[in-house]
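Student: The numbering of the sequence shown is UniProt numbering, which starts it at 10 and goes up by one. In this text, a Cβ means the ideal position worked out from N, Cα and C, and glycines have one as well. This one's a predicted model, so the numbers in the text were calculated from it and none came from an experiment.
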Amino acid sequence: EAQLEPRPIRRLQESVINRIAAGEIIHRPASALKELLENCLDAGATSIRVTLKDGGMKLLQIQDNGCGIKKSDLPILAHRFTTSKLSKFSDLSHITTYGFRGEALASISHIANLTVVTKTKKDACAWKAIYVDGEMVPTPKGSSADSKPCAGNDGTTVTVENLFYNVPARLSALRSSSEEYARILDVVTKYAIHNAGVSFLCKKVGTSTPDLSTPSSTTKQAVRLLYGQGVAKDLLSVEVSPPKAKKRKRDADDSGPGTSKPNEDGSWIAQAHFTNANYHSKKTVFLLFINNRLVESSRIKKAIEACYTGVLPKGTSPFIYLSIQLDPTTVDVNVHPTKREVHFLEEEEITESIADAIQAKLAQSGERTFEYQT
Ligand code: ADP
Ligand code: MG
Numbered sequence: 010e011a012q013l014e015p016r017p018i019r020r021l022q023e024s025v026i027n028r029i030a031a032g033e034i035i036h037r038p039a040s041a042l043k044e045l046l047e048n049c050l051d052a053g054a055t056s057i058r059v060t061l062k063d064g065g066m067k068l069l070q071i072q073d074n075g076c077g078i079k080k081s082d083l084p085i086l087a088h089r090f091t092t093s094k095l096s097k098f099s100d101l102s103h104i105t106t107y108g109f110r111g112e113a114l115a116s117i118s119h120i121a122n123l124t125v126v127t128k129t130k131k132d133a134c135a136w137k138a139i140y141v142d143g144e145m146v147p148t149p150k151g152s153s154a155d156s157k158p159c160a161g162n163d164g165t166t167v168t169v170e171n172l173f174y175n176v177p178a179r180l181s182a183l184r185s186s187s188e189e190y191a192r193i194l195d196v197v198t199k200y201a202i203h204n205a206g207v208s209f210l211c212k213k214v215g216t217s218t219p220d221l222s223t224p225s226s227t228t229k230q231a232v233r234l235l236y237g238q239g240v241a242k243d244l245l246s247v248e249v250s251p252p253k254a255k256k257r258k259r260d261a262d263d264s265g266p267g268t269s270k271p272n273e274d275g276s277w278i279a280q281a282h283f284t285n286a287n288y289h290s291k292k293t294v295f296l297l298f299i300n301n302r303l304v305e306s307s308r309i310k311k312a313i314e315a316c317y318t319g320v321l322p323k324g325t326s327p328f329i330y331l332s333i334q335l336d337p338t339t340v341d342v343n344v345h346p347t348k349r350e351v352h353f354l355e356e357e358e359i360t361e362s363i364a365d366a367i368q369a370k371l372a373q374s375g376e377r378t379f380e381y382q383t
């Protein structure tokens, strides 16, 4: 009988712990990009430019024209749990910004080369800082570990190079650079729809034609530009709020996350843009934002797809963009490290109300088409 000698238990090196933790938050270039995009939006950017090399694995650069970062904050920027968005635990319940844990930049600095160039309106020049394992490092080597003055516009440019260079397991789990690029483009596209008032650009390094470029526009215009006239011309929209709550009228085609603030009285409001019976594609395109965060929910997706039974030919699918604003106290944003899986109270009831409204609108528009035809 084989006897296994117990091996001594030892604490992992700090750097290894940090790398593992970072890999839990940043799975692939697209998840790094999502965090960085949200930071730009949190900073009030109206223009966001993304540049990539090798699907973001070699280079992922995001330039915004937001509020910038104070030079005095740069030394702790990539420390874990340093944030300008949350100061006490109770703030978590009414958080309205995307970020709140101060983990994204820290994580990235543990698994990639991170450079930040930033300029606030008050600064006379931009400041550049390089981070390794959470700390600002001297550049060039041997000089003092301080940010360096440089040329730059108002706003922030974050450059992430060689993602996962020190996490071979993550690196080998990645797909081809074209697949990673497709994922990134998908994330940028969805944020560009949800933030139609912000202009977005996404391109590969060394190419002059961007793969995505949107002006500041309305939701419908953004849908037309990014998903095509076929989707845009058959787009219906509806705004849904709880049956009993006071109705706060909003323009359903309003854009920008700042325009629809989460309600703070336990009520909710949803805006849906969805194709009518004239449009169908092979696979459902489903964009779901809850409190301005891109999330996934197969339950909500199924419930809304079901509205199209009998509306669309069997085996075909619609385009749906749904944005739900919930009382922040009813959403558990802290549930998953990647913050993708969001849970909220009365999820079933809310989903049902939205599905009912969509179904009613589809029925209505179906009748109208019918009237035209006779
Ligand atoms: P969080 O977003 O959870 O606060 P991050 O690690 O993503 O944590 O960012 C840490 C802090 O760095 C933010 O709270 C913010 O103050 C600042 N920051 C990051 N990116 C930007 C940006 N693009 N523009 C302005 N400030 C930024
Ligand atoms: Mg953040």
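Using 8 Å as the cut-off, can you tell me whether the segment 234-254 makes contact with the segment 310-324, which would need three or more C-beta pairs spanning the two stretches below that distance?
Tutor: The answer is no - the segment 310-324 does not touch the segment 234-254, with fewer than three Cβ pairs under 8 Å.
Student: Looking at ligand 2, does it come within less than 7 Å of Asn-48, judged from the CB to the closest heavy atom?
Tutor: Numbered from 1 along the sequence shown, position 39 holds the residue referred to as residue 48. Answer for Asn-48: yes, Cβ within range of ligand 2.
Student: Write down the C-beta distance between Ala-52 and Cys-76 rounded to the nearest angstrom, noting that I regard them as a contact closer than 8 Å.
Tutor: What you label residue 52 is simply residue 43 of the sequence shown in a count that begins at 1. What you label residue 76 is simply residue 67 of the sequence shown in a count that begins at 1. About 5 Å; that satisfies the 8 Å criterion.
Student: Is any non-hydrogen atom of ligand 1 found closer than 7 Å to the C-beta of Ile-35, if you look at the structure I gave you?
Tutor: Here the question's residue 35 lines up with position 26 in the sequence shown. Checking the Cβ of Ile-35 against ligand 1 gives no.
Student: How about Leu-245: is its Cβ closer than 7 Å to a heavy atom in ligand 1?
Tutor: Walking along the sequence shown from the start, residue 245 turns up at place 236. Not under cutoff, so the answer is no.
Student: I need the DSSP call for Tyr-330, collapsed to helix, strand or coil.
Tutor: Residue numbering aside, residue 330 sits at position 321 when the sequence shown is read from its first letter. Residue state, collapsed to three classes: strand.
Student: What's the C-alpha gap between Tyr-288 and Val-232?
Tutor: Numbered from 1 along the sequence shown, position 279 holds the residue referred to as residue 288. Numbered from 1 along the sequence shown, position 223 holds the residue referred to as residue 232. Roughly 14 Å between the two C-alpha positions.
Student: For Gly-32, collect the residues of the same chain with a Cβ closer than 7 Å to its Cβ; drop the 5 residues on either side in sequence, then sort them by chain order.
Tutor: Here residue 32 refers to the residue found at position 23 when the sequence shown is read from its first residue. Answer for Gly-32: Ile-120, Val-176 and Arg-179, listed in chain order.
Student: My understanding is that Leu-45 touches Val-167, with C-beta atoms under 8 Å, so please give their C-beta distance in whole angstroms.
Tutor: Taking the first residue of the sequence shown as 1, we reach residue 45 at position 36. Taking the first residue of the sequence shown as 1, we reach residue 167 at position 158. At roughly 5 Å, the Cβ-Cβ gap stays under 8 Å, so Leu-45 and Val-167 are in contact.
Student: Tell me the rounded alpha-carbon separation between Lys-79 and Asp-155.
Tutor: Counting from one through the sequence shown, the residue named residue 79 turns up at place 70. Counting from one through the sequence shown, the residue named residue 155 turns up at place 146. Those two C-alpha atoms are separated by around 13 Å.
Student: Which residue comes first and which comes last in the alpha helix (DSSP H) that contains Ile-29?
Tutor: As a first step, residue 29 must be located in the sequence shown, where it is residue number 20. Note, Ile-29: alpha helix (DSSP H), 23-34.
Student: With a CB to CB cut of under 6 Å and the five nearest residues on each side skipped, what residues in its chain are close to Ser-269?
Tutor: Locating residue 269 in the sequence shown gives position 260, where the first residue counts as 1. Since pLDDT at Ser-269 reaches only 45, below the 50 mark, its modelled position is unreliable, and no value is offered.
Student: Which of the three DSSP states, helix, strand or coil, is assigned to residue 6?
Tutor: With the chain running from 10 to 383 in the structure shown, residue 6 is simply not present.
Student: Does the beta-carbon of Thr-325, which I'm using as the reference point, lie nearer than 7 Å to any heavy atom of ligand 1?
Tutor: As a working mapping, residue 325 is identified with position 316 in the sequence shown. Thr-325 Cβ: outside cutoff for every heavy atom of ligand 1.
Student: Where DSSP assigns a beta bridge to Glu-355, which residues make up the other side?
Tutor: For the purposes of this step, residue 355 is taken as residue 346 along the sequence shown, with counting starting at 1. Paired residues: none, contrary to the question.
Student: Tell me whether Glu-23 counts as near ligand 1, meaning its Cβ is closer than 7 Å to at least one heavy atom of that ligand.
Tutor: Counting from one through the sequence shown, the residue named residue 23 turns up at place 14. Glu-23 Cβ: outside cutoff for every heavy atom of ligand 1.
Student: Confirm the yes/no value for this check: CB of Glu-112, any heavy atom of ligand 1, distance under 7 Å.
Tutor: Here residue 112 refers to the residue found at position 103 when the sequence shown is read from its first residue. Because some heavy atom of ligand 1 lies under 7 Å away, the Cβ of Glu-112 counts as near it: yes.
Student: Per DSSP, what kind of secondary structure is Tyr-174 in: helix, strand or coil?
Tutor: Here residue 174 refers to the residue found at position 165 of the sequence shown. Reduced to three states, the DSSP call for Tyr-174 is coil.
Student: Among the residues of its own chain, which have a CB less than 8 Å from the CB of Leu-83, if the five just before and after it don't count?
Tutor: Locating residue 83 in the sequence shown gives position 74, counting from the first residue. Closer than 8 Å at the Cβ level, and outside the excluded window around Leu-83, lie Val-125, Thr-127, Trp-136, Ala-138, Met-145 and Ser-156.
Student: Express the C-alpha separation of Asp-195 and Gln-299 in angstroms, rounding to a whole number.
Tutor: The count along the sequence shown starts at 1 and reaches residue 299 at position 290. The count along the sequence shown starts at 1 and reaches residue 195 at position 186. Checking the displayed sequence, the identity of residue 299 turns out to be Ile instead of Gln. Ile-299 and Asp-195: Cα-Cα distance of roughly 17 Å.
Student: Quick one: does the C-beta of Asp-142 sit closer than 7 Å to a heavy atom of ligand 1?
Tutor: Counted from its first residue, the sequence shown places residue 142 at position 133. Asp-142: no, Cβ never under 7 Å from ligand 1.
Student: Can you find a heavy atom of ligand 1 that lies under 7 Å from the Cβ of Cys-159?
Tutor: As a working mapping, residue 159 is identified with position 150 in the sequence shown. Every heavy atom of ligand 1 is 7 Å or more from the Cβ of Cys-159, so no.
Student: Using 8 Å as the threshold, is the C-beta distance between Ile-329 and Thr-360 below it?
Tutor: As a first step, residue 329 must be located in the sequence shown, where it is residue number 320. As a first step, residue 360 must be located in the sequence shown, where it is residue number 351. No, these two residues do not count as a Cβ contact at 8 Å.
Student: Given a cut-off of 8 Å on the beta-carbon distance, is the pair Ile-57 and Phe-173 in contact?
Tutor: Taking the first residue of the sequence shown as 1, we reach residue 57 at position 48. Taking the first residue of the sequence shown as 1, we reach residue 173 at position 164. Contact: no.
Student: Within 10 angstroms of the Cβ of Lys-229, are there 16 or more other Cβ atoms? Answer buried if so, exposed if not.
Tutor: Taking the sequence shown and counting its residues from 1, the one referred to as residue 229 is at position 220. So Lys-229 ends up on the buried side.
Student: Would you report the Cα separation of Leu-86 and Ser-116, rounded to the nearest angstrom?
Tutor: As a first step, residue 86 is located in the sequence shown; it is residue number 77 there, counting from the start. As a first step, residue 116 is located in the sequence shown; it is residue number 107 there, counting from the start. Those two C-alpha atoms are separated by around 11 Å.
Student: Please identify the residue among Pro-147, Gly-65, Ser-181 and Asn-162 whose C-alpha is closest to the C-alpha of Cys-211.
Tutor: Working through the sequence shown from its first residue, we reach residue 211 at position 202. Closest option to Cys-211, Cα to Cα, is Gly-65.
Student: Thr-198 lies in the alpha helix (DSSP H); which residues open and close that run?
Tutor: Counting from 1 along the sequence shown, the entry for residue 198 is found at position 189. Counting along the chain, the alpha helix (DSSP H) containing Thr-198 begins and ends at 186-203.
Student: I'd like the list of long-range same chain contacts for Cys-134, defined as Cβ closer than 8 Å, with 5 residues on each side in sequence excluded.
Tutor: Counting from 1 along the sequence shown, the entry for residue 134 is found at position 125. Excluding positions up to five away in sequence, the list reads Lys-128, Pro-158, Cys-159, Ala-160 and Gly-161.
Student: Please report how far the alpha carbon of Thr-165 lies from the alpha carbon of Phe-283, in whole angstroms.
Tutor: Start at 1 with the first residue of the sequence shown, and residue 165 comes out as number 156. Start at 1 with the first residue of the sequence shown, and residue 283 comes out as number 274. When rounded, the distance between both Cα atoms is 35 Å.
Student: Let me make sure I understand the geometry here. Which of Pro-337, Pro-327, Leu-42 and Asn-171 has the alpha-carbon closest to that of Val-141?
Tutor: Here residue 141 refers to the residue found at position 132 when the sequence shown is read from its first residue. The shortest Cα separation from Val-141 among Pro-337, Pro-327, Leu-42 and Asn-171 belongs to Asn-171.
Student: Quick one: what's Tyr-236 bridged to in DSSP?
Tutor: As a working mapping, residue 236 is identified with position 227 in the sequence shown. Per DSSP, none; premise fails for Tyr-236.
Student: Which same chain residues end up closer than 6 Å to Asn-122 when comparing Cβ atoms and leaving out the 5 residues on each side of it in sequence?
Tutor: Residue mapping note: residue 122 aligns to position 113 of the sequence shown, counting from 1. Around Asn-122: Glu-170 and Asn-171.
Student: With a threshold of 8 Å on Cβ separation, who are the neighbours of Ala-201 within its own chain once the five nearest residues in sequence on each side are excluded?
Tutor: For the purposes of this step, residue 201 is taken as the residue at position 192 of the sequence shown. Within the same chain, Ala-201 has close Cβ partners Val-207, Phe-209, Leu-221, Thr-223, Ala-231 and Leu-235.
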